[in-house]
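Below is one structure, written out as structure tokens; the observations come after it.
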Amino acid sequence: MSLKNESATAELKVSRRQFMYQLSAVLGTGVACQLLDGSGFNHAMAYQAVEHSEKIAGAYLNQDQKLLLRTICDVVLPKTDTPSAAELDVHGFIVHQMQACYTTEQRKNLDDLLSLIDLQTKQSTQKPFVLLTPEQQIKILNNLEQAKLPFKQTDRDTFKSLKQLMVFGYFTTQVGATQALNYQAVPGGFKGSIKHSPTDKAWGSHSYY
Amino acid sequence: MKDDLYIKQTNEQFDAIVVGSGISGGWAAKEFCERGFKTLMIERGRIVEHRKDYIGEGKGPWQFANRTKVDNLLIEEQFKTQKLCYAFNDATKHFFGNDRDLPYSTHKNTGFSWIRANQLGGKSLLWHRQSYRFSEFDFNANKADGVGNDWPIRYNDLAPWYSHVEKHAGISGHADNLSQLPNSDFLPPFEWTGPEKLMQERFAQLHPDRPMIMGRAAHLTKPSELHISQGRVQCQARNECQKGCSFGAYFSTQSSTLPAAAKTGNLHIAPNSVVESLIYDEKTNRVKGVRVIDNDDLTTREYFAKVVFLCASTLGSTQILLNSKSKKFPNGLANSSGTLGHYLMDHNYNAGAKGFVEGFENEYYSGRRPTSPYIPNFQYEPSRYKKEYKRGYALSAWAHRENWQGMSSQDGIGADFKQKMTQAGRWYFGLSAQGEMLPRFENEVALHSTKKDKWGIPQLHINCTWSDNEKFMMDDAAKTAHQMLEKAGLKNVHSYTSYDHRHPGIAIHEVGTARMGRDPKDSVLNGFNQSHDIPNLFVTDGASFCSSAVVNPSLTFMALTVRAVDYAVNELKQKRI
Ligand SMILES: Cc1cc2nc3c(=O)[nH]c(=O)nc-3n(C[C@H](O)[C@H](O)[C@H](O)COP(=O)(O)OP(=O)(O)OC[C@H]3O[C@@H](n4cnc5c(N)ncnc54)[C@H](O)[C@@H]3O)c2cc1C
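Residue numbers (the numbering used here), protein chains in the order written: chain Y, 1 to 209; chain L, 1 to 577.
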């Protein structure tokens, strides 16, 4: 850590202490602590991750499609030093979010895309996507992303939207926001310039989108 | 707070009635109360208690049903217009007006995005806290180029009142000593990022007439004893202000003016009380009080006072006046001039440019700064106007490192892609134009001839469009911003205009419709926000504006309001009203 950073951190610590002092003075220490660690706030009903959500029947996408979606999630955002997208039930979230916040047309596009991936894979490899090797799966998704035949530009567009929702779904989970990224619930003030190494984690998600 | 703060039925005659509890109403109530006047604040919406009712605060996105996005069906049924506001999401939606219950219409082939916040605190809970004084040039603009009527006041009339509100509210900023943007009484400014500093230097070399300063915002960067005594503490740079802030770190009615007013013991609040019209006594030519319809059960009641301040927001106040008819005022109370409802303005936020800054890979920021750099209007007098249009615009600036949200559309599958999403991307820097809108008689709000809301009050019908002046200005702003960024060395510069699909209203700076003026024949209010026609009636919110200027208007609502209270108190004491 550079000198500049150490003094910035020290400064933040001092201002944090001052802040606690002020906050305790106006609210009392108990409430002040609760506010700072977030436990003072009531929590709403959120989408809860489910193990193997793809096995649960629902109004949108059949179970085969859900399994395919789960597999795609894991190919795009695989397990590394942090969990894979499927481990965080991002596929389940996508199914939920498509129904809550997307249009009928967008739902149909994703439905069609999954059918297309399934069909094309079976035609070219005689196997379903989920049974291919990771290399084969990556190759197919790369072709899709590059709109290489048989995939068209519109298929690429739908896949891009799916990827965006997948990344959104990943980094707005608690694990994604606080472990894969560096989450600041109460930053304690704004510093305009701190040292950063390109391999450091980026700041965690905002609190609303 | 006292138990009897909130009231419903009363026969008491108050010294002052203040309609509305937003930024303007909060100030009016505080000032009257602190001067010893028994004050009734009337608010159409529900009670929102500081801290307790900030239900979205302190939660991560994973704690919301749809990760803070709002359900489609709910938007479709209840928030079709409100959803256009950038701050509308699952963590804030309970502070927005409900479009189903609060209908209004727009003229054929026009649109107006009316963003509402109908609860205790009004839009003070939702605002972006950008706070700038008007300048001498702003008050002189109508006179200088002949568009609109002359403001009956000048900068010096308002300067001490700006100071008065700034000390209490707390405005962060730097004393930049610019004649086009007077200093406020400042708390320390927020810090700059590296690329912003670089751009500031480059702009200073390339365009000495367009200095870039740190945006001034109603945030406690360093609270004074006064702020701490209000129960407010230092800003923690969460930038989640619109969820409500238990730290009281930004100015709102709840954090700042309401506690001060309540402390005096002179304040009463009538919540859930929709003011339908004013009670006018033709014999004495005074308003005696207001008629109210209960927000929930639709029963009616009346409240009485010696003086009435309308602070129900620009369109809210004008709606009340239009709906208060008498024999003497068949077209709306205080409307002998016939200008009530006319000269509606907003700001035009419909052009910008952005590009990438090279380098600075080893620099980052910490925290989420609730403001951003700002280039004040540099076309602030006729000699600086462009040929194609009158007046000017400010440029609000921002620099960020790309994050997963921006980068998720990039190509890539697998571990490398995933890792990229977790890292800070390139720096990008942008400028967004904030343009002045000219006051035009044709831009009008009126009562709809047949449609009523559920309280039986005629709905507003709005006819408001961008004129060529606004369009030319945005075309020019896009071009200018583009050139500024390219000259300053940014890469991949893109610019845009959006006035073709973004209607007036969405800057949420609606002003005009009950304008001030020296001449009772062409204005509704005098230089003290007092009705020309009815001496004990005041309108101190944005309805009183003669021109929109370029800066965010709310600090000026505050200053006008406290100045008007000071005047009214004196007039009451002298028994002139
Ligand atoms: C997302 C957002 C960002 C913004 N950013 C900025 C900014 O950075 N800087 C800036 O200067 N401004 C900003 N604004 C605008 C600012 O919020 C408004 O200009 C300001 O709040 C207006 O103050 P007001 O008191 O006149 O009206 P409001 O704050 O709207 O309050 C009016 C109150 O009157 C009540 N009312 C209305 N009609 C009636 C009736 N008939 N009977 C009883 N009560 C009634 C309403 O319920 C409301 O509570 C922003 C607004 C929004 C929504």
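Heads up, the beta-carbon is just placed ideally off N, CA and C, and yes, glycines get one too.
Anticipated Cβ contact below 8 Å, residue i with residue j, distance rounded
{"i": "phenylalanine 578/L", "j": "alanine 46/Y", "result": "Because chain L is modelled from 1 through 577, residue 578/L falls outside the range shown and cannot be assessed."}
{"i": "isoleucine 213/L", "j": "aspartate 176/L", "result": "5 Å"}
{"i": "arginine 426/L", "j": "glutamate 402/L", "result": "5 Å"}
{"i": "glycine 248/L", "j": "glycine 231/L", "result": "6 Å"}
{"i": "arginine 286/L", "j": "asparagine 536/L", "result": "5 Å"}
{"i": "valine 76/Y", "j": "leucine 141/Y", "result": "7 Å"}
{"i": "leucine 144/Y", "j": "threonine 422/L", "result": "No, leucine 144/Y and threonine 422/L are not in contact; Cβ-Cβ is about 24 Å, not under 8 Å."}
{"i": "glycine 189/Y", "j": "alanine 237/L", "result": "5 Å"}
Proximity of residue i and residue j at Cβ, strictly below 8 Å
{"i": "methionine 473/L", "j": "glycine 435/L", "result": "yes"}
{"i": "tryptophan 62/L", "j": "threonine 172/Y", "result": "yes"}
{"i": "lysine 93/L", "j": "phenylalanine 112/L", "result": "no"}
{"i": "leucine 321/L", "j": "arginine 391/L", "result": "no"}
{"i": "glutamate 196/L", "j": "proline 373/L", "result": "yes"}
{"i": "threonine 39/L", "j": "valine 70/L", "result": "no"}
{"i": "isoleucine 42/L", "j": "tyrosine 303/L", "result": "yes"}
{"i": "arginine 44/L", "j": "serine 273/L", "result": "yes"}
{"i": "cysteine 311/L", "j": "arginine 129/L", "result": "no"}
{"i": "phenylalanine 557/L", "j": "isoleucine 23/L", "result": "yes"}
{"i": "leucine 120/L", "j": "arginine 46/L", "result": "yes"}
{"i": "serine 548/L", "j": "methionine 345/L", "result": "yes"}
{"i": "arginine 518/L", "j": "phenylalanine 545/L", "result": "no"}
{"i": "isoleucine 94/Y", "j": "glycine 169/Y", "result": "yes"}
{"i": "threonine 154/Y", "j": "glutamine 136/Y", "result": "no"}
{"i": "alanine 270/L", "j": "serine 495/L", "result": "no"}
Chain Y within 8 Å of residue i, Cβ atoms only
{"i": "isoleucine 293/L", "result": "no"}
{"i": "isoleucine 375/L", "result": "no"}
{"i": "glycine 170/L", "result": "no"}
{"i": "tryptophan 62/L", "result": "yes"}
{"i": "arginine 369/L", "result": "yes"}
{"i": "lysine 59/L", "result": "yes"}
{"i": "lysine 30/L", "result": "no"}
{"i": "phenylalanine 429/L", "result": "no"}
{"i": "tryptophan 192/L", "result": "yes"}
{"i": "glycine 414/L", "result": "yes"}
{"i": "serine 396/L", "result": "no"}
is_contact[residue i, chain L] using C-beta, thresh 8 Å
{"i": "asparagine 42/Y", "result": "Low confidence applies to asparagine 42/Y: its pLDDT is 46, below 50, so where it sits in the model is not reliable enough to give any reading."}
{"i": "tyrosine 60/Y", "result": "no"}
{"i": "valine 50/Y", "result": "no"}
{"i": "alanine 100/Y", "result": "yes"}
{"i": "leucine 23/Y", "result": "yes"}
{"i": "valine 167/Y", "result": "yes"}
{"i": "serine 115/Y", "result": "no"}
{"i": "proline 198/Y", "result": "yes"}
{"i": "lysine 108/Y", "result": "no"}
{"i": "serine 207/Y", "result": "yes"}
Per-residue burial, residue i [other beta carbons within 10 Å of its own, 16 or more giving buried]
{"i": "leucine 333/L", "result": "buried"}
{"i": "arginine 576/L", "result": "exposed"}
{"i": "lysine 30/L", "result": "buried"}
{"i": "serine 179/L", "result": "exposed"}
{"i": "arginine 116/L", "result": "buried"}
{"i": "alanine 44/Y", "result": "Confidence is the limiting factor: at alanine 44/Y the pLDDT is only 48, short of 50, which leaves the residue's position unreliable and the question unanswerable from this model."}
{"i": "glutamine 63/Y", "result": "exposed"}
{"i": "arginine 108/L", "result": "Sequence inspection shows lysine at residue 108/L; the arginine mentioned does not correspond to that position. That one is exposed."}
{"i": "glutamine 234/L", "result": "buried"}
{"i": "aspartate 4/L", "result": "exposed"}
{"i": "serine 207/Y", "result": "buried"}
{"i": "glutamate 12/L", "result": "exposed"}
{"i": "lysine 418/L", "result": "buried"}
{"i": "proline 134/Y", "result": "exposed"}
Residues, ordered as in the chain, of the region 67-93 of chain Y that lie near chain L by beta-carbon distance below 7 Å: Closer than 7 Å at the C-beta level to chain L, one finds these residues of the region 67-93 of chain Y: Val75, Val76, Leu77, Pro78 and Thr80.
Against chain Y: residues of the region 218-237 of chain L by CB proximity under 8 Å: From the region 218-237 of chain L, only Pro223, Ile228, Gly231, Arg232, Val233, Gln234, Cys235, Gln236 and Ala237 have a Cβ closer than 8 Å to chain Y.
At a Cβ cut of 7 Å, what residues of the region 126-156 of chain Y count as close to chain L, listed as they run along the chain? Correct list: Ile138, Leu141, Asn142 and Glu145.
Pull out every residue of the region 178-196 of chain Y whose Cβ sits closer than 8 Å to any Cβ of chain L, in chain order. Interface annotation for the region 178-196 of chain Y against chain L: Thr178, Ala180, Leu181, Tyr183, Gln184, Ala185, Val186, Pro187, Gly188, Gly189, Phe190, Lys191, Gly192, Ser193, Ile194, Lys195 and His196, criterion Cβ-Cβ distance under 8 Å.
Closer than 7 Å, Cβ to any Cβ of chain Y: which residues of the region 348-367 of chain L, in chain order? Going along the region 348-367 of chain L in chain order, one finds Glu361, Asn362, Glu363, Tyr364, Tyr365, Ser366 and Gly367 with a Cβ nearer than 7 Å to chain Y.
Residues of the region 310-342 of chain L in Cβ contact with chain Y at a cutoff of 7 Å, in chain order, please. Close to chain Y, meaning a Cβ-Cβ distance shorter than 7 Å, is no residue of the region 310-342 of chain L at all.
Taking a Cβ distance cut-off of 8 Å, strictly less, list which residues of the region 90-107 of chain L are near chain Y, in chain order. Residues are counted here when their Cβ sits less than 8 Å from a Cβ of chain Y; for the region 90-107 of chain L these are Asp90, Ala91 and Thr92, given in chain order.
Within 9 Å of chain Y by C-beta, residues of the region 480-502 of chain L in sequence order: None of the residues of the region 480-502 of chain L has a beta carbon lying less than 9 Å from any beta carbon of chain Y.
At a CB distance below 9 Å, what residues from the region 239-273 of chain L approach chain Y? Give them in sequence order. Within the region 239-273 of chain L, the residues whose Cβ lies closer than 9 Å to some Cβ of chain Y are Asn239, Glu240, Gln242, Lys243, Ser246, Phe247 and Gly248, listed in chain order.
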